[in-house]
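Chemist: There's a structure below that I have some questions on.
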Amino acid sequence: MDSSAKIRIEDILNRVELYRPDPDEDLLRHAYVFAANRHQGQVRRSGEAYFIHPLTVAWMLAEMELDEVAIAAGLLHDLLEDTDTTTEELELEFGPDVTRLVEALTKLSDFESSFTSREATEAENFRRLLLASMDDVRVILVKLADRLHNMRTLSFLRPDRQVAIARETLDIYAPIANRLGIGSIKMEMEDLCFRYLHPKEWGRLEHEIKDRADAAERWFAEIRGIIEGLLLTNGIKGTVHGRVKHMYSVYQKLRRQEVDMANVFDFLAFRVIVETVGDCYGVLGLIHQQWPPVPGRMKDHIAIPKPNAYQSLHTTVLGPEAHPFEIQIRTWDMHKIAEFGIAAHWSYKENGSGAGSEDSRISWLRSLLDNSEGASPREFLDSIKVDLYPDDVYCFTPRGDVFSFPRGATILDFAYRVHSEVGHTCVGGRVNSRWVPLRTELRNGDIVEISTSPQQQPHHDWLNLVGTNRARSKIRSWLKREEKKRAVEVGRKLIEREFRKTGVSWRKVSGTDELKSVLSSHGLSKEEDLLAALGFGRLAAPAIIAQLLPQEDEAAEDEVLTPKREPSTAESQALEVTGDADFLVYVAKCCKPLPGERIVGFVTRGKGVAVHSRTCPNVKNLMYHPEREIEVRWASDAATSGASPNQVELDMVFDDRSGMLAAISQVISAEGSDILSCQLRTEHNDRGFGAMTIVVRDAEQLDRILRRLDNINGMRRVERRGQATARA
Ligand code: MN
Numbered sequence: 002m003d004s005s006a007k008i009r010i011e012d013i014l015n016r017v018e019l020y021r022p023d024p025d026e027d028l029l030r031h032a033y034v035f036a037a038n039r040h041q042g043q044v045r046r047s048g049e050a051y052f053i054h055p056l057t058v059a060w061m062l063a064e065m066e067l068d069e070v071a072i073a074a075g076l077l078h079d080l081l082e083d084t085d086t087t088t089e090e091l092e093l094e095f096g097p098d099v100t101r102l103v104e105a106l107t108k109l110s111d112f113e114s115s116f117t118s119r120e121a122t123e124a125e126n127f128r129r130l131l132l133a134s135m136d137d138v139r140v141i142l143v144k145l146a147d148r149l150h151n152m153r154t155l156s157f158l159r160p161d162r163q164v165a166i167a168r169e170t171l172d173i174y175a176p177i178a179n180r181l182g183i184g185s186i187k188m189e190m191e192d193l194c195f196r197y198l199h200p201k202e203w204g205r206l207e208h209e210i211k212d213r214a215d216a217a218e219r220w221f222a223e224i225r226g227i228i229e230g231l232l233l234t235n236g237i238k239g240t241v242h243g244r245v246k247h248m249y250s251v252y253q254k255l256r257r258q259e260v261d262m263a264n265v266f267d268f269l270a271f272r273v274i275v276e277t278v279g280d281c282y283g284v285l286g287l288i289h290q291q292w293p294p295v296p297g298r299m300k301d302h303i304a305i306p307k308p309n310a311y312q313s314l315h316t317t318v319l320g321p322e323a324h325p326f327e328i329q330i331r332t333w334d335m336h337k338i339a340e341f342g343i344a345a346h347w348s349y350k351e352n353g354s355g356a357g358s359e360d361s362r363i364s365w366l367r368s369l370l371d372n373s374e375g376a377s378p379r380e381f382l383d384s385i386k387v388d389l390y391p392d393d394v395y396c397f398t399p400r401g402d403v404f405s406f407p408r409g410a411t412i413l414d415f416a417y418r419v420h421s422e423v424g425h426t427c428v429g430g431r432v433n434s435r436w437v438p439l440r441t442e443l444r445n446g447d448i449v450e451i452s453t454s455p456q457q458q459p460h461h462d463w464l465n466l467v468g469t470n471r472a473r474s475k476i477r478s479w480l481k482r483e484e485k486k487r488a489v490e491v492g493r494k495l496i497e498r499e500f501r502k503t504g505v506s507w508r509k510v511s512g513t514d515e516l517k518s519v520l521s522s523h524g525l526s527k528e529e530d531l532l533a534a535l536g537f538g539r540l541a542a543p544a545i546i547a548q549l550l551p552q553e554d555e556a557a558e559d560e561v562l563t564p565k566r567e568p569s570t571a572e573s574q575a576l577e578v579t580g581d582a583d584f585l586v587y588v589a590k591c592c593k594p595l596p597g598e599r600i601v602g603f604v605t606r607g608k609g610v611a612v613h614s615r616t617c618p619n620v621k622n623l624m625y626h627p628e629r630e631i632e633v634r635w636a637s638d639a640a641t642s643g644a645s646p647n648q649v650e651l652d653m654v655f656d657d658r659s660g661m662l663a664a665i666s667q668v669i670s671a672e673g674s675d676i677l678s679c680q681l682r683t684e685h686n687d688r689g690f691g692a693m694t695i696v697v698r699d700a701e702q703l704d705r706i707l708r709r710l711d712n713i714n715g716m717r718r719v720e721r722r723g724q725a726t727a728r729a
């Protein structure tokens, strides 16, 4: 029913009575009168009374066959926001259930309007939407109806608002509707968005379809007649619908050049709805006998439902005059789920006939949220988009269980789908009996057998190998756990050693109130967290001891309070650890990498993250501990800020001739560097050796100096100390 048609409360009550034998008529009438009163005098941009809006939303909810609480919430959903009605009032009038829904919806729209950055709005808003609906999926359903009606009446807004709202709807709400299986809302939203986002294409397409309306009608009638005949002669009860495909899908197919504008059949779709699953396959057989199927176009979504629980048989046949056209075959139950998705499940459950897959839908929402912890809004939005556009890949276990994945998922994702332990220890697998490595992408129909090894464990690189949020979050949490475990061990050793020096044992202190107050002074709640902080180098053991044993004499206290070697702040400011850990970062003494140089970080025992040059000889040894490796990078302004001049030691071998020292110092000063110290030595074979300390800004400047020194006539070798391999 369109918003322009007058909906009356009687219409809604009659609709509800069709699916609920004894509805709470009082609640609905009361909500109707209450909302009508409060919205009295308010007018929408269309010039209509505002109340038309909540009324239409309520009607849509009745069409979805939701309960009276949801429908009442639909009637009342804008009261807290747009009138001076209070929560307390609602609670008093309608009880806690309805009020809770309205409150959740109000919070949602507060959120929508309080963000200025679109990216942040979309992601956060969406996350909020999911959060709010966690304990009640009805919040999402009311929200979708609300948005759909706003889309229907979009033409009254300013053009820029139209585009913005249509964009958001297409990016966020239509995908939610799709993921929740609510095909009717998804398609209408998409068509409306299409109209506002691509008005020209929309107009052209509408024109094309209108032009072919007569031809379409004739074909509908002819094909419907044939299929109805088939049903009748074979004693199958069913109905046949013909329709023009929804515009947005035609548009998308046009763009992929899967559609020929001139061919009316490309716009048509037929649907046969029957009573039983057996009838579905029966009808499929009859149709394939009537018209030959197009090979490769038959899809059995009954045996393998889509992730949103959609079920149907799809086939394309060569119809009259060899025109190919599509037919969908499904039962009435499947049809209801295709139209109303989770709402259909929800109302089934309410009626006591139970449907387990709502739980899986809810758990999908939950997993989406769990996995979004710590991700930036952009990441979150991207991950939602991956998950929401189910360009899915279906794979099988050797036993024939089916798993679906987003495109781009790998063997490793499969392993994590089986079980997180299987994921953690996965070393590869067999796909269709052929051995393949972890990063192998899954393809439709693959039969996957995972191989594990008890020696295997997750690695940072794995985060780039997986395509599902589920696997990524499992890996991330494993790495975090391990990192913390190690930090706790290290921290325990550090504090125990420090305590031994004082003659007091850590065990004595452990669990005491004094320790508890020290913990809370650092904002920590558990001893384990303190040990981890020590292990990560965020806190220093001597300082903790000083806090715990303040009666020590002052000289000693002074000593322990002074950290032996604080990493310089200039250094650590120039460096960033990528990822989420807030580590203390310092430049390794062995190679002292320069800004701009290729670097790698290693988690040290208790001192934070040491940053080495990639070419540092020590890195080779550290590579045996890949679990300690952590990605680091130079802060974007590290090289240019010149905050910390870096001392670099150079070793040179040259022919001992006059003017050599002058040539060397000339090059260095010409490149804007200074010599801090210089030692020269000659041997009797006329070979000279130089050791110099110079000051440079970054790796680039050093590189230029080295190149120019190398070019000096008589220079035999020049290198940075300890990095013979750095320059070939
Ligand atoms: Mn509204």
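For the sequence shown, the positions run 2 to 729 when the working numbering is used. Heads up, the beta-carbon is just placed ideally off N, CA and C, and yes, glycines get one too. Just so you know, these numbers come straight off a predicted model, no measurement behind them.
With a Cβ-Cβ cutoff of 8 angstroms, do L413 and F326 count as a contact?
Modeler: The answer is no: Cβ separation not under 8 angstroms.
Chemist: Relative to the ligand MN, what is the chain-ordered list of residues with a Cβ closer than 7 angstroms to any of its non-hydrogen atoms?
Modeler: With the cut-off at 7 angstroms, the residues found are H54, P55, V58, H78, D79, D147, N151.
Chemist: Helix, strand or coil, according to DSSP, for R539 in the structure here?
Modeler: DSSP places R539 in coil when its eight states are reduced to three.
Chemist: Less than 8 angstroms between the C-beta atoms of F271 and I224, yes or no?
Modeler: Yes, the Cβ-Cβ distance between F271 and I224 is below 8 angstroms.
Chemist: Classify N647: buried if its beta carbon has 16 or more other beta carbons within 10 angstroms, exposed otherwise.
Modeler: Buried, because 16 or more other Cβ atoms sit within 10 Å of the Cβ of N647.
Chemist: To the nearest angstrom, report how far apart T107 and G239 are at their CA atoms.
Modeler: Rounded to the nearest angstrom, the two C-alpha atoms are 44 angstroms apart.
Chemist: Residues in the same chain with beta-carbon distance under 8 angstroms from D530, minus the five sequence neighbours each way, listed in chain order, please.
Modeler: Only L520 meet the Cβ criterion.
Chemist: What first and last residue would you give for the alpha helix (DSSP H) that runs through D656?
Modeler: First-last for D656: 647-656, but that is the beta strand (DSSP E), not the alpha helix (DSSP H).
Chemist: Starting from E327, trace the beta strand (DSSP E) both ways and give me its first and last residue.
Modeler: From DSSP, the beta strand (DSSP E) with E327 extends over 325-332.
Chemist: Go through the stretch 664-717 residue by residue and report every complete run of the alpha helix (DSSP H) that reaches 4 residues or more, in order.
Modeler: The qualifying runs are 700-712.
Chemist: Run through the stretch 448-519 for me and flag every whole beta strand (DSSP E) of 3 or more residues, listed as ranges in chain order.
Modeler: Entirely contained in the stretch 448-519, the beta strand (DSSP E) runs reaching 3 residues are, in chain order, 449-453.
Chemist: DSSP state of Y51, grouped into three classes?
Modeler: Y51: coil per DSSP, three-state reduction.
Chemist: Closer than 8 angstroms by C-beta to V143: which residues in its own chain qualify, once you throw out the five before and the five after it? Chain order, please.
Modeler: Once the five neighbours on either side are set aside, the close Cβ partners of V143 are V58, L62, A71, A74, G75, H78, L102, L106.
Chemist: Smallest Cα separation from L314: which of A323, G342, V278, E340?
Modeler: Nearest of A323, G342, V278, E340 to L314, Cα basis: V278.
Chemist: Specify whether the stretch 187-207 and the stretch 290-297 touch according to this definition: at least 3 beta carbon pairs, one from each stretch, less than 8 angstroms apart.
Modeler: With the cut-off at 8 angstroms, the stretch 187-207 and the stretch 290-297 do not touch.
Chemist: Could you spell out where the beta strand (DSSP E) holding F603 opens and where it closes?
Modeler: Where F603 is concerned, the enclosing beta strand (DSSP E) stretches over 600-604.
Chemist: Helix, strand or coil for W292? Go by DSSP, reduced to three states.
Modeler: Coil.
Chemist: My output table needs one value for L155: the three-state DSSP class, helix, strand or coil.
Modeler: DSSP places L155 in helix when its eight states are reduced to three.
Chemist: Could you compute how far the alpha carbon of D147 sits from the alpha carbon of T154?
Modeler: Roughly 11 angstroms separates the two Cα atoms.
Chemist: Considering Cα atoms alone, identify which of R162, V164, I177 is closest to L145.
Modeler: Checking every option, the nearest Cα to that of L145 belongs to I177.
Chemist: If the criterion is Cβ atoms closer than 8 angstroms, does the pair S417 and K475 meet it?
Modeler: Inspection of the sequence shows that residue 417 is occupied by Tyr rather than by Ser. Yes, the pair counts as a contact, with Cβ atoms nearer than the cut-off.
Chemist: E630 bridges to which residues according to DSSP?
Modeler: In DSSP, E630 forms a bridge with F603.
Chemist: Excluding the five sequence neighbours on either side, which residues of its own chain have a C-beta within less than 7 angstroms of the C-beta of V489, listed in chain order?
Modeler: Cβ within range, chain order: E529, L532, A533, G536.
Chemist: Please name the residue, chosen from V273, K307, G715, that lies closest to R183 on a Cα-to-Cα basis.
Modeler: Checking the sequence, you will find Ile at residue 183 rather than Arg. For the residues V273, K307, G715, the minimum Cα distance to I183 belongs to K307.
Chemist: What first and last residue would you give for the beta strand (DSSP E) that runs through H425?
Modeler: No beta strand (DSSP E) holds H425; the alpha helix (DSSP H) holding it covers 421-425.
Chemist: Any heavy atom of the ligand HEM closer than 7 angstroms to the CB of V467?
Modeler: Ligands in the displayed structure: the ligand MN; the ligand HEM is not one of them.
Chemist: Can you name the start and end residues of the alpha helix (DSSP H) that I274 belongs to?
Modeler: Note, I274: premise wrong, no alpha helix (DSSP H); beta strand (DSSP E) at 269-275.
Chemist: Quick one: grab the DSSP three-state call for D301.
Modeler: D301: strand per DSSP, three-state reduction.
Chemist: Exposed or buried, what is R435 when buried is set at 16 or more other beta-carbons lying within 10 Å of its beta-carbon?
Modeler: It is exposed - the Cβ of R435 has fewer than 16 other Cβ atoms within 10 Å.
Chemist: Note down the Cα distance separating P399 from Q456, rounded to an integer number of angstroms.
Modeler: Each residue's alpha carbon lies about 24 angstroms from the other.
Chemist: Check for me: the alpha helix (DSSP H) holding V251 runs from which residue to which?
Modeler: Its alpha helix (DSSP H) spans residues 248-256.
Chemist: To the nearest angstrom, report how far apart L480 and H460 are at their CA atoms.
Modeler: Using only the alpha carbons, I get a separation of about 7 angstroms.
Chemist: Which of the three DSSP states, helix, strand or coil, is assigned to R244?
Modeler: Strand.
Chemist: Put S434 into one of helix, strand or coil per three-state DSSP.
Modeler: In the structure shown, S434 sits in coil (DSSP, three-state: anything other than H, G, I, E or B).
Chemist: Does DSSP classify K350 as helix, strand or coil?
Modeler: Because the pLDDT of K350 is 44, which lies under 50, any placement of that residue in the model is unreliable, and the number read from its coordinates should be weighed accordingly. Of the three classes helix, strand and coil, the one that applies to K350 here is helix, per DSSP.
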